[in-house]
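Chemist: Okay, here's the structure, questions in a sec.
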Amino acid sequence: MSDDWGAVTDPYDVVTNLFQAAIGSGVEYRRASVEEIHPAEHTITVKGEGQAFSFDKVVIACGAHTPLLARQIGDHLPIEAEGGYNYTYPASGLELNHPLILADRGIAATSLSSGLRVGGWAVFAGLNSEPKQAYFDRIEKIAERTFPHLCTQGGKPWSGLRPSTPDSVPVISRSARAKGIFYSAGHGHCGLSLAAASAEIMLELLRGNQQAGQPFAIDRFERPG
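Per our numbering, the very first residue in the sequence shown carries number 615; after that it's consecutive.
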């Protein structure tokens, strides 16, 4: 068991409600695959899928894919794609009133509105790695041994890439190379926990506060010379 931990109904619920709140506050949403970013003196052009948009400021928050765009600008972000796996059992037949950590297996179990979620691990296999069925099979075996009465019917596998930095500290920073470009990435396993605090720091940076987020600045990764 873990002490003083909180839980949400479901990460999807949190993100969906934040999105709806933003739209309700007047945020305009557009969906496109970003391919290029071109910073200039007073404007930044974002291109993708045959479209081009101009902004005075741009926040790049693309998780493990953030370094790909940062490279176009000349910034160095040593963010690695750290793979994770889980299984969610919608009709598990049991409910935990507290997150359960199986430290010797690197696995966590949490009851969510979508079911019992069992998952974890850290797989450093690169941005383009494909999920491995053997890892899903192993999680299923651990779940069944830990919860003998678990109903596995309808279990849903998932895998994703956590954006992790060498010092386990996120990058919440203005660009070292281009005016008007900012980064928020590298939160590793703590994206949900650190989201609100990251947003507050980013707002200060966008408002021109030069000291905001200093411990998270990109210059800590600048290559010598």
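We treat Cβ as the ideally placed atom computed from N, Cα and C, and that holds for glycine.
Rounded to whole angstroms, what's the CA-CA distance from ARG788 to HIS679? Just pull it up for me.
Modeler: One-based indexing of the sequence shown puts residue 788 at position 174. One-based indexing of the sequence shown puts residue 679 at position 65. If you take the alpha carbons of ARG788 and HIS679, they lie about 17 Å apart.
Chemist: Could you say if the segment 717-737 and the segment 671-691 meet the contact criterion of at least three C-beta pairs nearer than 8 Å?
Modeler: They do not touch, by the three-pair rule.
Chemist: Going by beta-carbon coordinates alone, are GLY822 and ILE786 separated by less than 7 Å?
Modeler: Locating residue 822 in the sequence shown gives position 208, where the first residue counts as 1. Locating residue 786 in the sequence shown gives position 172, where the first residue counts as 1. Result no, Cβ atoms of GLY822 and ILE786 do not sit closer than 7 Å.
Chemist: How would you write the range of the beta strand (DSSP E) that THR760 sits in, first residue to last?
Modeler: Mapped onto the sequence shown, residue 760 falls at position 146. From DSSP, THR760 is part of no beta strand (DSSP E) but of the alpha helix (DSSP H) over 747-760.
Chemist: Taking all protein chains shown into account, do 16 or more other C-beta atoms lie within 10 angstroms of the C-beta of GLU696, making it buried, or fewer, making it exposed?
Modeler: Taking the first residue of the sequence shown as 1, we reach residue 696 at position 82. By the 10 Å Cβ count, GLU696 comes out buried.
Chemist: ALA635 to THR724, Cα distance in whole Å?
Modeler: The residue you call residue 635 lines up with position 21 of the sequence shown. The residue you call residue 724 lines up with position 110 of the sequence shown. Their backbone Cα atoms lie some 26 Å apart in a straight line.
Chemist: Output yes or no for whether 7 Å exceeds the beta carbon distance between PRO713 and ALA621.
Modeler: Reading the sequence shown from its first residue, position 99 is the one you call residue 713. Reading the sequence shown from its first residue, position 7 is the one you call residue 621. Cβ distance < 7 Å, so PRO713 and ALA621 count as in contact.
Chemist: Consult DSSP for THR630 and reduce its assignment to one of helix, strand or coil.
Modeler: Start at 1 with the first residue of the sequence shown, and residue 630 comes out as number 16. Helix at THR630.
Chemist: Over the uninterrupted beta strand (DSSP E) stretch that includes ILE721, give me the two end residues.
Modeler: Working through the sequence shown from its first residue, we reach residue 721 at position 107. Element bounds for ILE721: 721-726.
Chemist: In the structure shown, what three-state DSSP assignment does LEU714 receive?
Modeler: Within the sequence shown, numbered from 1, the residue matching residue 714 stands at position 100. Three-state result, LEU714: strand.
Chemist: Going along the chain, which residues of its own chain have a beta-carbon closer than 7 Å to the beta-carbon of LEU819, five neighbours each way excluded?
Modeler: Taking the sequence shown and counting its residues from 1, one reaches residue 819 at position 205. Excluding residues within five positions, the ones whose Cβ falls inside 7 Å are ARG788, PHE796, ALA826, GLY827.
Chemist: Could you tell me which residues DSSP puts in a beta bridge with TYR703?
Modeler: Here residue 703 refers to the residue found at position 89 when the sequence shown is read from its first residue. Answer is LEU730.
Chemist: What separation, rounded to the nearest whole angstrom, lies between the Cα atoms of THR659 and GLU758?
Modeler: One-based indexing of the sequence shown puts residue 659 at position 45. One-based indexing of the sequence shown puts residue 758 at position 144. Roughly 51 Å separates the two Cα atoms.
Chemist: Quick one, which of MET816, GLY707, TRP735, SER639 has its alpha-carbon nearest ALA675's?
Modeler: For the purposes of this step, residue 675 is identified with residue 61 of the sequence shown, where counting begins at 1. Residue MET816 is the option with its Cα nearest to ALA675.
Chemist: Looking at the secondary structure, which residues open and close the alpha helix (DSSP H) in which SER812 lies?
Modeler: Here residue 812 is taken as the residue at index 198 of the sequence shown, counted from 1. 805-820 is the span of the alpha helix (DSSP H), which, as asked, contains SER812.
Chemist: For THR779, name the three-state secondary structure that DSSP assigns.
Modeler: As a first step, residue 779 must be located in the sequence shown, where it is residue number 165. Note: THR779 maps to coil in three-state DSSP.
Chemist: Alpha carbon to alpha carbon, what distance is there between TYR701 and GLY794?
Modeler: As a working note, residue 794 is residue 180 in the sequence shown. As a working note, residue 701 is residue 87 in the sequence shown. Each residue's alpha carbon lies about 40 Å from the other.
Chemist: Determine contact between the segment 648-664 and the segment 772-779, defined as no fewer than three beta-carbon pairs at a distance below 8 Å.
Modeler: Contact between the segment 648-664 and the segment 772-779 is absent, because fewer than three Cβ pairs lie under 8 Å.
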